[in-house]
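Undergrad: In UniProt numbering, the protein residues as written are 1 to 468. For glycine and all other residues, C-beta sits at the position ideal for the given N, C-alpha and C. Here the structure is a predicted model, which is why all the values come from computation and not from measurement.
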């Protein structure tokens with residue numbers, strides 16, 4: 001008798017829990033028919049052309065066109081300019097320019113969607129960086145970094161053939177690419193940033209444009225100033241600084257370190273960067289029957305929103321209490337601490353206590369959450385929030401300095417799997433003990449509350465059911 005047949009005959013009492021009275025087969029696939037639909041990517045422009053100014057934030061709005069029946073995904077597309085840096089052979093004029101890490105995320109100070117005058121969902125470029133650290137797999141991280149320009153050619157440009165310079169009777173080697181009038185040291189590139197509004201996360205949550213006949217939908221982007229987005233190498237200290245940090249050096253000689261020096265070969269010229277930005281929107285087209293149903297039917301959508309609590313003046317190597325003023329069911333808290341001196345280096349994504357980023361300088365020593373003055377849980381070390389919590393509840397463990405505490409089993413999924421109703425608790429606080437910073441500066445803290453709300457569509461209009 002064949003061994004396979006013997007296995008089939010070897011049935012005992014235990015098998016009643018596994019194979020007796022089966023409810024499925026691995027050898028039959030069931031497919032379901034679905035309603036007919038199609039998708040199309042359409043470009044939505046801004047009311048005025050987005051630009052990066054020197055030190056001033058710029059806000060630009062795009063009116064979402066009623067091209068399709070539903071709106072499901074939005075990508076911000078923009079073009080980083082070519083950079084002309086290190087154009088001489090003079091080692092003392094070695095002006096090495098690089099974009100900051102995660103430049104596409106931090107270029108967005110805020111991004112929001114509004115319906116008529118009602119702000120529906122606002123998020124932050126910093127949040128994009130943090131959330132992707134927790135939720136993107138290694139494979140998707142690789143694609144995301146390429147899509148957003150977080151690659152070596154932009155944040156650490158190198159030449160295979162170093163420039164050899166004789167200085168003070170010593171040979172100096174510079175691996176930074178030398179620019180010419182026709183060859184930039186850092187090339188221009190079109191980048192894409194996926195905006196993670198609630199309707200971009202699940203097809204079932206696609207924004208029903210066909211049911212919002214009486215309202216105007218706008219997406220607004222607040223861009224940082226250009227000087228917040230790059231760093232310049234100081235040959236004396238061997239350190240990269242922001243333009244303001246470079247100007248503050250005691251031996252600064254007054255040379256031009258504004259963006260105009262680097263986007264125009266030889267300096268001078270325009271001081272603003274035209275981003276050629278637009279929104280790449282994915283529209284859904286429904287068949288007639290489903291379209292009429294969506295347009296005529298009232299609906300409540302369970303959505304996720306993000307609230308940010310930001311506080312500066314958090315003393316290093318000391319205890320602090322942060323009041324979190326939130327409402328509605330909270331599924332997770334995520335927070336970071338950043339040195340107050342970060343503006344000297346533009347290292348906005350450095351959540352450690354040192355610069356350059358150093359995982360041996362964690363910002364958080366211990367932390368706990370208080371509800372109405374009572375401990376929700378006892379003091380936990382920083383590694384508990386940076387490693388153990390993400391390991392339990394997220395796709396990956398983030399880099400040093402990103403801390404989280406989840407009330408849900410699966411905080412990355414829309415399906416509720418645990419939360420607490422912050423509307424029923426009078427006082428919510430995060431009590432922390434910080435570690436020292438390498439330069440003695442204080443911290444600022446950003447606490448992000450991920451919570452549920454209901455988006456209701458009725459009678460051709462939509463809005464939030466509960467206040468935040």
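Enumerate in chain order the residues of its own chain whose CB-to-CB distance from residue 310 is below 6 Å, with the five nearest sequence positions on each side excluded.
TA: 446
Undergrad: Are the region 399 to 408 and the region 323 to 331 touching, with three or more C-beta to C-beta distances below 8 Å?
TA: Judged by Cβ distances under 8 Å, the region 399 to 408 makes contact with the region 323 to 331, as three or more pairs qualify.
Undergrad: Going straight from the alpha carbon of residue 308 to that of residue 444, what length do you get?
TA: 13 Å
Undergrad: Which residue spans inside the region 254 to 342 form an unbroken beta strand (DSSP E) run of at least 3?
TA: Runs found: 278 to 286, 299 to 314, 319 to 323 and 329 to 339.
Undergrad: Taking the CB atoms as reference points, tell me whether residue 135 and residue 192 lie closer together than 9 Å.
TA: Their beta carbons are not under 9 Å apart, which means residue 135 does not touch residue 192 by this criterion.
Undergrad: Under 8 Å, with one C-beta from each stretch per pair, do the region 378 to 390 and the region 338 to 347 reach the 3-pair mark?
TA: no
Undergrad: Between the alpha carbons of residue 265 and residue 84, how many angstroms are there, rounded?
TA: If I take the Cα positions, the gap works out to 5 Å.
Undergrad: Which same chain residues end up closer than 8 Å to residue 156 when comparing Cβ atoms and leaving out the 5 residues on each side of it in sequence?
TA: Here residue 156 has 98 as same chain residues with Cβ atoms under 8 Å from its own Cβ, once five neighbours each way along the sequence are excluded.
Undergrad: Rounded to whole angstroms, what's the CA-CA distance from residue 463 to residue 457? Just pull it up for me.
TA: Roughly 7 Å between the two C-alpha positions.
Undergrad: Compare the C-alpha of residue 50 against each of 143, 217 and 226 and name the closest.
TA: 226
Undergrad: Span of the beta strand (DSSP E) holding residue 36?
TA: No beta strand (DSSP E) contains residue 36, which DSSP labels as neither H nor E.
Undergrad: Measuring alpha carbon to alpha carbon, tell me which residue in 196, 178 and 76 is nearest residue 132.
TA: 196
Undergrad: Report all residues from its chain with a CB closer than 7 Å to the CB of residue 245; omit the five preceding and five following residues, and keep chain order.
TA: 344 and 345
Undergrad: Can you check DSSP and say which residues form a bridge with residue 124?
TA: 110
Undergrad: Which full runs of the beta strand (DSSP E) of 3+ residues lie inside the region 185 to 241, going along the chain?
TA: 189 to 195, 217 to 223, 230 to 234 and 239 to 241
Undergrad: Whole angstroms is fine: what's the gap from residue 73's alpha carbon to residue 237's?
TA: 45 Å
Undergrad: Could you tell me which whole alpha helix (DSSP H) segments of length 4 or greater appear in the region 21 to 83?
TA: none
Undergrad: Span of the alpha helix (DSSP H) holding residue 138?
TA: 138 to 148
Undergrad: Quick one: what does DSSP say residue 85 is sitting in, helix, strand or coil?
TA: coil
Undergrad: From which residue to which residue does the beta strand (DSSP E) around residue 456 run?
TA: 443 to 458
Undergrad: Just grab the DSSP bridge partners of residue 6 for me.
TA: Residue 6 is not bridged to any residue.
Undergrad: Enumerate in chain order the residues of its own chain whose CB-to-CB distance from residue 188 is below 8 Å, with the five nearest sequence positions on each side excluded.
TA: 79, 80, 81 and 82
Undergrad: Just how far apart, CA to CA, sit residue 126 and residue 60?
TA: 19 Å
Undergrad: For the region 202 to 215 and the region 63 to 70, state whether three or more C-beta atom pairs, one from each stretch, are separated by less than 8 Å.
TA: yes
Undergrad: So if DSSP puts residue 98 in a beta bridge, which residue, or which two residues, is it bridged to?
TA: Per DSSP, the beta bridge partners of residue 98 are 231.
Undergrad: I need the straight-line Cα distance from residue 120 to residue 352, nearest angstrom please.
TA: 33 Å
Undergrad: Can you give me the start and stop residues for the alpha helix (DSSP H) that residue 244 sits inside?
TA: Where residue 244 is concerned, the enclosing alpha helix (DSSP H) stretches over 243 to 247.
Undergrad: Given that a residue counts as buried once 16 or more other Cβ atoms are within 10 Å of its Cβ, and exposed if not, what is residue 144?
TA: buried
Undergrad: Should the region 392 to 401 be regarded as contacting the region 358 to 378, the criterion being three or more beta carbon pairs within less than 8 Å?
TA: Taking one beta carbon from each stretch, the region 392 to 401 and the region 358 to 378 have 3 or more pairs nearer than 8 Å; the two touch.
Undergrad: Would you give the residue range spanned by the beta strand (DSSP E) that residue 429 belongs to?
TA: That run of the beta strand (DSSP E) goes 428 to 434.
Undergrad: Cβ of residue 452 within 9 Å of Cβ of residue 419?
TA: Here residue 452 is near residue 419, since their CB atoms are less than 9 Å apart.
Undergrad: Cβ of residue 271 within 9 Å of Cβ of residue 53?
TA: yes
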